[in-house]
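Reviewing the structure listed below.
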Amino acid sequence: MRPVVAVGLAVLVMVSSTPNWAEAQAQESTLSQVGTGVGSAIGTFVYFPFKAAFCILGGVASGVTAVFAGPENAGKVARTACGGSWVITSDVVKGKETVKFTGDPAPSQQRPSAK
Numbered sequence: 022m023r024p025v026v027a028v029g030l031a032v033l034v035m036v037s038s039t040p041n042w043a044e045a046q047a048q049e050s051t052l053s054q055v056g057t058g059v060g061s062a063i064g065t066f067v068y069f070p071f072k073a074a075f076c077i078l079g080g081v082a083s084g085v086t087a088v089f090a091g092p093e094n095a096g097k098v099a100r101t102a103c104g105g106s107w108v109i110t111s112d113v114v115k116g117k118e119t120v121k122f123t124g125d126p127a128p129s130q131q132r133p134s135a136k
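Here our numbering is used: the first residue of the sequence shown is 22, the next is one more, and so on.
Here's what the structure looks like:
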């Protein structure tokens, strides 16, 4: 019985959100959609090699960091170098999102202070 209810709720959520998505897409012209799609493809074609090279260099730096500063700091270096945006989406081309070249290192795990 639970799977039937879960599927029913999932279908209800998808059906109720479809009209909003359709209205948002209907406001853009086909030429605009094609232009942003081509722009995102060309942007990704140019951006990806730089991001890949940065990630590879970050991996090398992470290895050196592991030797001298430990695995926790090496992980932060790797996450910073290889995290972030890897593709240019149509929302980036439209200016709705920004490209994030570097990732965020994981927050350090601090113990709660005893009072």
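Idealized CB from N, CA, C, for every residue including glycine.
The structure presented is a predicted model; accordingly, all values stated were derived computationally and were not measured.
**OP:** Decide if valine 88 is buried, meaning its Cβ has at least 16 other Cβ atoms within 10 Å, or exposed.
**Re:** exposed
Original post:
Who are the Cβ neighbours of glycine 79 in its own chain at under 8 angstroms, not counting the five residues just before and after it?
Top reply: Val98, Ala99, Thr101, Ala102, Cys103
Subject >> Sequence-distant residues of its chain with Cβ nearer than 6 angstroms to glycine 64 (five each side left out) >> reply: Ile109
Original post:
How big is the Cα-Cα spacing for tryptophan 107 and glycine 58?
Top reply: 16 angstroms
Original post:
If you drop the 5 nearest sequence neighbours on each side, which residues of the same chain put their C-beta closer than 6 angstroms to that of glutamate 118?
Top reply: Asp112
**OP:** Return helix, strand or coil for serine 121, following the three-state DSSP convention.
**Re:** A quick correction: the sequence has lysine, not serine, at residue 121. DSSP places lysine 121 in coil when its eight states are reduced to three.
**OP:** Assign serine 61 to one of two classes, buried (16 or more other C-beta atoms within 10 Å of its C-beta) or exposed (fewer than that).
**Re:** buried
**OP:** For lysine 121, count neighbouring C-beta atoms within 10 Å of its own C-beta (all shown protein chains included) and say buried if the count is 16 or more, exposed if not.
**Re:** The residue is exposed, with fewer than 16 neighbouring Cβ atoms inside 10 Å.
Original post:
Whole-angstrom Cβ separation of threonine 123 and glycine 105, contact assumed at under 8 angstroms?
Top reply: 5 angstroms
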